[in-house]
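Trainee: Pasting a structure below so you can have a look.
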Amino acid sequence: MSKQFTTAKLITTLFIAAGMLSACDPPAKKTADADSSKADTGKKVKFLSQPLISTIYTADPSAHVFNGKIYIYPSHDINAGIPENDNGDHFAMKDYHILSMDSIGGKVTDNGVGFDIKDIPWAGRQLWAPDAAYKNGTYYLYFPVKDKKDVFHIGVATSASPVGPFKAEPEPIAGSYSIDPAVFTDTDGKTYMYFGGIWGGQLQRWSTGKYEADGSKTDSKQEDAPAISCRVALLKPDMKSFDGAVKDVVILDSLGKPLLTKDHDRRFFEGSWMHKYNGKYYFTYSTGDTHLLCYAIGDKPLGPFTYKGVFMKPVQGWTTHHSIIEIKGKWYIFYHDTQISGKTHLRNVKVTELQHNADGSIKLIDPFL
1 MSKQFTTAKL
11 ITTLFIAAGM
21 LSACDPPAKK
31 TADADSSKAD
41 TGKKVKFLSQ
51 PLISTIYTAD
61 PSAHVFNGKI
71 YIYPSHDINA
81 GIPENDNGDH
91 FAMKDYHILS
101 MDSIGGKVTD
111 NGVGFDIKDI
121 PWAGRQLWAP
131 DAAYKNGTYY
141 LYFPVKDKKD
151 VFHIGVATSA
161 SPVGPFKAEP
171 EPIAGSYSID
181 PAVFTDTDGK
191 TYMYFGGIWG
201 GQLQRWSTGK
211 YEADGSKTDS
221 KQEDAPAISC
231 RVALLKPDMK
241 SFDGAVKDVV
251 ILDSLGKPLL
261 TKDHDRRFFE
271 GSWMHKYNGK
281 YYFTYSTGDT
291 HLLCYAIGDK
301 PLGPFTYKGV
311 FMKPVQGWTT
321 HHSIIEIKGK
331 WYIFYHDTQI
341 SGKTHLRNVK
351 VTELQHNADG
361 SIKLIDPFL
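If you count by the UniProt record's numbering, then the sequence shown holds residues 1 to 369, one letter each, in order.
Structure representation (structure tokens):
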């Protein structure tokens, strides 16, 4: 177990001791506006934003604007009774509830189950963070799930409605692996999928192009080598397959050198997203065991991208995962924390405004007031 993970576990324990975390079942019975205490200062603070929904646990929100309406495709957290471990076995999700809202701050509708693991012919377990896209009258849902050999791949399902029900293709996308698909359609109509996550996401086991069942459980273990990178692939017009080879998303420092494995405060871990602002491509991602959301900027959707900084401080809970949209001239970040339950595998989605500064940088967001 890494020193960073041990530290994170200790911080969580301190939060519990300070009364910041509490169990919740069902979530609807808990108030979402209670003060919370930061363990490092003992001061009372409030959360920047409140949960969008409290009747179920939701996480990893992938938000999109379709026909002027906001649709959110989150993971659906459940309490499966599985002990927490570094592989993430306690994240035992089985379906997706699709949320929608007419405007930021407006009523949030839970449209019910739009997709279920039992309807995926090749699936084994753990239906993790999804994403969605729209093209030519069809909505596409992209999902990572372990196959019957316990290996993550990414599948695709389609529907005539943004809220489903979605019908899965009989096999995963050829050449796909790992987790956290994020699908971006550029202004020229080309669509790209960014994907991957180390540790429980298994990305480190694909270094040779083939899955290594006995590979590392964490990262490359080569501290002074370039860090394992997110992957990106161009999608074919059918939106169901890759058009060409899968490539690495290269993240460079200010000197033009790749970020290293040991650079846990800056290197990619999981949860990528892409948005375009003023002609520049913003690759955003989570650092995982250091709990930061970072961004890097490039001139092309395939990169390379130059690291620019942290744009969101750690949330309550071990994981952090986000998406970014523009609507009515403003930008927003959807993210999650554990305000309702206090348990790292029972999360709740939130939204707050995201601001680009005049120089193109992103204003730092603190999830606490």
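Beta carbons: idealized from backbone N, C-alpha and C, even for Gly.
Remember, predicted model here, so these are calculated numbers, not experimental data.
Compare the Cα-Cα distances from K149 to each of F143, Y211, Y194 and report the closest residue.
Mentor: Residue numbering aside, residue 149 sits at position 149 when the sequence shown is read from its first letter. When only C-alpha atoms are compared, the closest one is Y211.
Trainee: How many angstroms separate the CA atom of D119 from the CA atom of D147?
Mentor: As a position in the sequence shown, residue 119 is number 119, starting the count at 1. As a position in the sequence shown, residue 147 is number 147, starting the count at 1. About 13 Å.
Trainee: What are the start and end residues of the beta strand (DSSP E) that includes T138?
Mentor: Locating residue 138 in the sequence shown gives position 138, where the first residue counts as 1. Where T138 is concerned, the enclosing beta strand (DSSP E) stretches over 138-147.
Trainee: Can you tell which of I56, Q339, M239 has its C-alpha closest to the C-alpha of A133?
Mentor: The residue labelled residue 133 in the question sits at position 133 within the sequence shown. Per the C-alpha coordinates, the member of I56, Q339, M239 positioned closest to A133 is M239.
Trainee: On the DSSP bridge list, what partners appear for P258?
Mentor: For this step, residue 258 is matched to residue 258 along the sequence shown. Beta-bridge analysis with DSSP links P258 to L252.
Trainee: For L203, which of helix, strand or coil comes out of DSSP?
Mentor: Here residue 203 refers to the residue found at position 203 when the sequence shown is read from its first residue. For L203, the secondary structure class from DSSP, reduced to helix, strand or coil, is helix.
Trainee: Which of the three DSSP states, helix, strand or coil, is assigned to G329?
Mentor: On the sequence shown, residue 329 is found 329 positions in, with the first residue counted as 1. Note: G329 maps to coil in three-state DSSP.
Trainee: For the ligand ZN, I want to know if Y73 counts as a neighbour, meaning its beta carbon is within less than 7 Å of at least one of the ligand's heavy atoms.
Mentor: What this structure holds is no ligand at all, so the ligand ZN is not there to describe.
Trainee: Taking the straight line between their C-alpha atoms, what separation do you get for S216 and T208?
Mentor: As a working mapping, residue 216 is identified with position 216 in the sequence shown. As a working mapping, residue 208 is identified with position 208 in the sequence shown. Between the alpha carbons of S216 and T208 lies a distance of about 13 Å.
Trainee: Taking the alpha-carbon of S75 as reference, which of I53, E84, I297 has the nearest alpha-carbon?
Mentor: Here the question's residue 75 lines up with position 75 in the sequence shown. The option with the nearest alpha carbon to S75 is I53.
Trainee: Name the residue from Y277, I228, V232 whose alpha carbon lies nearest to the alpha carbon of L259.
Mentor: Within the sequence shown, residue 259 is the residue found at index 259, counting from 1. Considering only alpha carbons, the answer is I228.
Trainee: Between the alpha carbons of Q50 and K350, how many angstroms are there, rounded?
Mentor: Here the question's residue 50 lines up with position 50 in the sequence shown. Here the question's residue 350 lines up with position 350 in the sequence shown. Spanning the two alpha carbons is a distance of roughly 6 Å.
Trainee: Name the residue from A63, E223, D224, Y307 whose alpha carbon lies nearest to the alpha carbon of T284.
Mentor: Here residue 284 refers to the residue found at position 284 when the sequence shown is read from its first residue. Comparing Cα-Cα distances from T284 to each of A63, E223, D224, Y307, the minimum goes to Y307.
Trainee: Please classify T290: does DSSP put it in a helix, a strand, or coil?
Mentor: By 1-based counting over the sequence shown, the position of residue 290 is 290. Residue state, collapsed to three classes: helix.
Trainee: So what does DSSP say about I72, is it helix, strand or coil?
Mentor: The count along the sequence shown starts at 1 and reaches residue 72 at position 72. It is a strand residue.
Trainee: Roughly how many whole angstroms lie between the Cα atoms of residue 394 and K343?
Mentor: Only positions 1 to 369 of the chain appear in this structure, which leaves residue 394 out of reach.
Trainee: Near D219, which residues of its chain fall below 8 Å by C-beta distance, leaving aside the five closest residues on each side in sequence?
Mentor: For the purposes of this step, residue 219 is taken as the residue at position 219 of the sequence shown. Cβ within range, chain order: I198, W199, Q204, A227, I228, T261.
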